[in-house]
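The structure appears right after this line, and notes come after that.
Chains as they are written, first to last, in the numbering used here: chain L, 1 to 195; chain V, 196 to 436.
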């Protein structure tokens, strides 16, 4: 698979607003930026608190996923008082503390300033439960490469059908039809696994 | 679910519907249970695909950053060897330098001063000079200076006084003062201390870290086969090494 991150790293700094918008549409350069800039902050804090390298890296990976998910679930909202990086470090800290069954240490910021548990009700979305997700992932990984590519481009990379048709050198109508069939076969495979 | 239903659900999720279309869509969600169930599945599927792909992206970033780290180490490895060699050589020459410098300075500090002259009883000035010489021979340089300094004030151009007071200066580390006195001797072309003065000037120059002056003087001693030729040769060899 082509490495989409092989472009020259930009030195650009992004505002929280840009990061937030970028996360919502899975913008590759924003995700790369977050991955480069945020983990060192959490790493430094957890190392000071006596975290082991492997535990810290796990907490960081989970923290990134939680940041991504909480952003689209409305659990993280743009907030002048709490920067996204602070929020991320706080998530990592909590994940790490939970895993170590240690008593959660009081954050230097008050809980009200970090909107961890104040979801925006309008932004709540429907998600598969953990065990459903595992089944879904299995059937998704079993899809043929063309289908996976098409669904990835449409749902994750937010490409429109015109762009997808161009990438696969097919007409837009064919692309729509193929995408529909991919979804149908995914649904069928998932349902048969569920019953 | 047909293809058009699929399209409209995606358009709704991505915010591509007009306000009117959106309202109609939400009304149908409330009224049509089957449509609602289909939509819920569709939304869950869309979120699940994104989560899987996001995780995949993170994994790629992690492996790419790991590869970069390893490549960095690989590209630095040969340089690390060179750096280690450079550090070793610097260390090696530093040790040589440290060993050499004190050794030269040690040798310079240990350079023999003139043994002095026999003391004779005579005039009061000669007595004072003799007392100073006795003190000098006992390496009591301060005492020698006490005797000789007043004599030099009376006879500022006296080359014997200049020479032995220069010896006292060299013995007490007053190299600059020694250099000045020896230079005065050099101005006296007929002085018996001329050749000796050259040698001690070279020593003072080395102690004052003026190697070019020292080498010129030593070369002159050798070339003109002066009194301190052997010592000058030895010192020149040492310096050239």
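Every residue, glycine too, gets a C-beta built ideally from N, C-alpha and C.
Residue 61 of chain L at chain V interface by Cβ criterion, 8 Å: yes
Members of the segment 241-253 of chain V near chain L, C-beta cut-off 9 Å: Taking a C-beta cut-off of 9 Å against chain L, the contacting residues of the segment 241-253 of chain V are 241, 242, 243, 244, 245, 246, 247, 248, 249, 250, 251, 252, 253, listed in chain order.
Per-residue DSSP class, three states only, for residue 129 of chain L: coil
Coarse secondary structure for residue 330 of chain V, derived from DSSP in three states: helix
Euclidean distance between Cα positions of residue 266 of chain V and residue 252 of chain V: Taking the Cα positions, residue 266 of chain V is about 21 Å away from residue 252 of chain V.
Inter-stretch contact at 8 Å, needing at least 3 Cβ pairs: the segment 357-371 of chain V / the segment 389-407 of chain V: In short, these stretches touch, since the Cβ pair count reaches three.
Buried/exposed call for residue 354 of chain V, threshold 16 Cβ in 10 Å: The residue is buried, with at least 16 neighbouring Cβ atoms inside 10 Å.
Of the residues V:333, V:324, V:373, V:288, the one placed nearest residue 341 of chain V, counting alpha carbons only: V:324
CB contact below 8 Å: residue 271 of chain V versus chain L: no
8 Å Cβ cutoff, residue 289 of chain V in contact with chain L: no
Member of L:156, L:48, L:167 whose CA lies at the smallest distance from the CA of residue 243 of chain V: Closest in alpha carbon position to residue 243 of chain V, among L:156, L:48, L:167, is L:156.
C-alpha gap between residue 108 of chain L and residue 150 of chain L, whole angstroms: The predicted model places residue 108 of chain L with a pLDDT of 46, which falls under 50 and marks its position as unreliable; any figure quoted below should be read in that light. Cα to Cα, the separation comes out at about 45 Å.
Chain V within 8 Å of residue 127 of chain L, Cβ atoms only: yes
Inside the segment 355-416 of chain V only - alpha helix (DSSP H) runs reaching at least 4 residues: 370-382, 389-402
Residue 203 of chain V to residue 164 of chain L span [Cα, whole Å]: 18 Å
Beta-carbon separation (whole angstroms), residue 78 of chain L vs residue 143 of chain L, contact threshold 8 Å: About 35 Å separates the two Cβ atoms, so there is no contact after all.
Beta-carbon proximity of residue 72 of chain L to residue 60 of chain L, cut-off 8 Å: Contact: no.
7 Å Cβ shell around residue 428 of chain V - same chain, five flanking residues per side excluded: Excluding positions up to five away in sequence, the list reads 417.
Contact set between the segment 73-104 of chain L and chain V, restricted to residues whose Cβ is under 8 Å from the partner: Within the segment 73-104 of chain L, no residue has a Cβ that lies closer than 8 Å to any Cβ of chain V.
Three-state secondary structure (DSSP) of residue 15 of chain L: coil
Three or more C-beta pairs below 8 Å linking the segment 228-248 of chain V and the segment 124-140 of chain L: The segment 228-248 of chain V, when compared against the segment 124-140 of chain L, does touch it at the 8 Å Cβ threshold.
Three-state secondary structure assigned by DSSP to residue 313 of chain V: coil
Candidates V:287, V:240, V:435, V:215, of which the one nearest residue 414 of chain V by Cα: V:435
Any C-beta of chain V under 8 Å from that of residue 144 of chain L: no
Contact residues within the segment 17-31 of chain L, judged by C-beta distance below 8 Å to chain V: 26, 28, 31
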